[in-house]
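This report refers to the structure that appears directly beneath it.
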Amino acid sequence: MKNRNLIALLTMLSFVSTMWAQSFQETGKLEWVVKDREFSRSFMEAYIDTLMTIDDMAELEVQETDELRVIVGIDVEGNSSLENIYAKGRSGVLNKLAKAVLDSMDAEMIDNIQSRRYNWDYLSAVDVGGGRGDVINVFEERSNKQVRDAFWWTHRRVDISVFPRIFIRVNPNFAFAAEFGRQDLGFPAAASRTLNMGLATEVLKFYATLPASYLNLNSSSNPLEGTFGGVLKFDSPSFGGSISFQDMNFLGTTDTSNFLSPKNAVYNPASGQFYYSFTSRIGSPADQPGFVPIGSLRLQIGFTFMQFAYGQVFNESGISDGTGAYHQLDKSGALESMFGLFRVEYASDMNNRFFNKIKMAGQLNMGLDGFGGFDFTTSYTITEWLGVNLNLTYFWKPMVFTYEDPDPTLTSVLEYEWKPGFFIVPSVALYF
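So the sequence shown is numbered by this note's numbering: it starts at 733 and just counts up by one.
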């Protein structure tokens, strides 16, 4: 697919997504457990006192030591309202606190329990609400949700964003998604002529891969080729990874000159990745000088198995014009295919208009034989619906493939040095 056709497709998708999003209202819920025992006890004491004031003969089903579970509703404007509070006793039974009693309690106490300015945690590993708003703990310990929303998932209905990607959420739990390149492998956007399309959730992504190209300001670079295949990714608060495959034979004998280099085609037949991650607080308040504002910093450390295959596309006459079949000439060995992974992601806390103003990420993929690359992404959100992005990727060492001359009349051994080079990709982000 040529660049002009790709840009036209993105424009059309943006228009359709915008129109569709305008007719869809998003609501959701946030649910969490109060981990601060002192705050929980004071709230329950106030609840019981209010209950006894209303009806001193009421049957008491809760105690001061019960664990509190809070459910807050989020409307389409991002406003929150208290829906329910449950008290869990030692027996494991959940008792719903009476709405009439909560309405009669001191308003400051109700505001305090909604503010989450205490130690809290999700009911499960993934936030079950999918609502819009700041869901990051105010203390040093942080969940990975806000960073995950910025780079893996999204809290918007339509997100045409980093780098570049398109998310159209069908409901709070899953979305139709399209992503260019292989960001997880260190080949984002223009560095990999691959388009991934499929379904995404907050934990899993199922993609079919297609050959495609994307705009790159540096025309002298040599991207990783793409073809048909599939990708499965997963990401949890602590662990993540992916497995993928591609096969050039799926292209058959079609004209491939529009989306790959027929004389020197390097692609990724198979890959597997696993990483451990953790998230912490970083930055300074707005009224104090600092390098970045308060936000969440996520670190990923792991390894990647990423095989590379080199070949040429030539017809029965031996002419590499892109109209023949792909012939594999060499592929990377086991050691050449092993890479160490280190990635850092930062997202500033959401402001009162529900967007992260600054997002940055850096990723290092270092091979055992020295081949590898560094990828840097930065994003600045101007308003709640518009942002600008810049992606820089650099590979510092070529990978050498050795093969016999495909001409049957020759017996010479040849070498090809694949130098991906430098990639620079600017883009505009639209959110709805």
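Note that the Cβ used here is the ideal one computed from N, Cα and C, for glycine as well.
{"Asked": "The stretch 1112-1124 / the stretch 1152-1159 touching (three or more Cβ pairs under 8 Å)", "Found": "yes"}
{"Asked": "Among 1038, 1063, 983 and 1131, nearest to residue 1073 - alpha-carbon criterion", "Found": "1038"}
{"Asked": "DSSP-derived helix/strand/coil call for residue 770", "Found": "helix"}
{"Asked": "Sub-8 Å separation of residue 814 and residue 766 beta-carbons", "Found": "no"}
{"Asked": "Bridge partner(s) assigned by DSSP for residue 1150", "Found": "1131"}
{"Asked": "Within 8 Å, strictly: CB atoms of residue 828 and residue 816", "Found": "yes"}
{"Asked": "Distance, residue 1033 Cα to residue 1146 Cα", "Found": "37 Å"}
{"Asked": "C-beta atoms of residue 966 and residue 935 nearer than 8 Å", "Found": "yes"}
{"Asked": "DSSP beta-bridge partners of residue 1136", "Found": "1145"}
{"Asked": "Beta-carbon proximity of residue 1078 to residue 1031, cut-off 8 Å", "Found": "no"}
{"Asked": "Reduced DSSP secondary structure (H/G/I, E/B, other) of residue 872", "Found": "Unreliable placement is indicated for residue 872, whose pLDDT of 44 sits below 50; the coordinate value is still reported in the next sentence. Correct three-state label for residue 872: coil."}
{"Asked": "Three-state secondary structure (DSSP) of residue 902", "Found": "strand"}
{"Asked": "Within 8 Å, strictly: CB atoms of residue 913 and residue 920", "Found": "yes"}
{"Asked": "Test item: CB-CB of residue 973 and residue 1095 under 8 Å", "Found": "no"}
{"Asked": "3 or more residues per run - each beta strand (DSSP E) lying fully within the stretch 785-860", "Found": "799-806, 812-820, 826-828 and 852-854"}
{"Asked": "Nearest-angstrom Cα separation, counted from residue 1162 out to residue 1065", "Found": "42 Å"}
{"Asked": "Presumed contact (8 Å Cβ cut-off) between residue 1058 and residue 1090, rounded CB distance", "Found": "With a Cβ gap of about 43 Å, residue 1058 and residue 1090 do not count as contacting."}
{"Asked": "Residues near residue 1143 in its chain [Cβ-Cβ closer than 8 Å; skip 5 each side]", "Found": "1136 and 1137"}
{"Asked": "Coarse secondary structure for residue 1057, derived from DSSP in three states", "Found": "strand"}
{"Asked": "Straight-line gap, residue 943 to residue 763 (C-alpha atoms, nearest Å)", "Found": "41 Å"}
{"Asked": "Whole-number beta carbon distance between residue 1010 and residue 982, since they are thought to touch under 8 Å", "Found": "Incorrect: roughly 39 Å between the Cβ atoms, too far for contact."}
{"Asked": "Among 835, 876, 905 and 771, the one whose alpha carbon lies nearest that of residue 847", "Found": "771"}
{"Asked": "Other residues of its chain near residue 1068: CB distance less than 8 Å, five sequence neighbours each side excluded", "Found": "1040, 1099, 1100, 1101, 1103 and 1131"}
{"Asked": "Nonlocal neighbours in the same chain, by C-beta distance under 7 Å from residue 911, ignoring five residues either side", "Found": "897 and 928"}
{"Asked": "Assigned exposure category for residue 1023 - 16 Cβ within 10 Å defines buried", "Found": "exposed"}
{"Asked": "Distance, residue 853 Cα to residue 791 Cα", "Found": "30 Å"}
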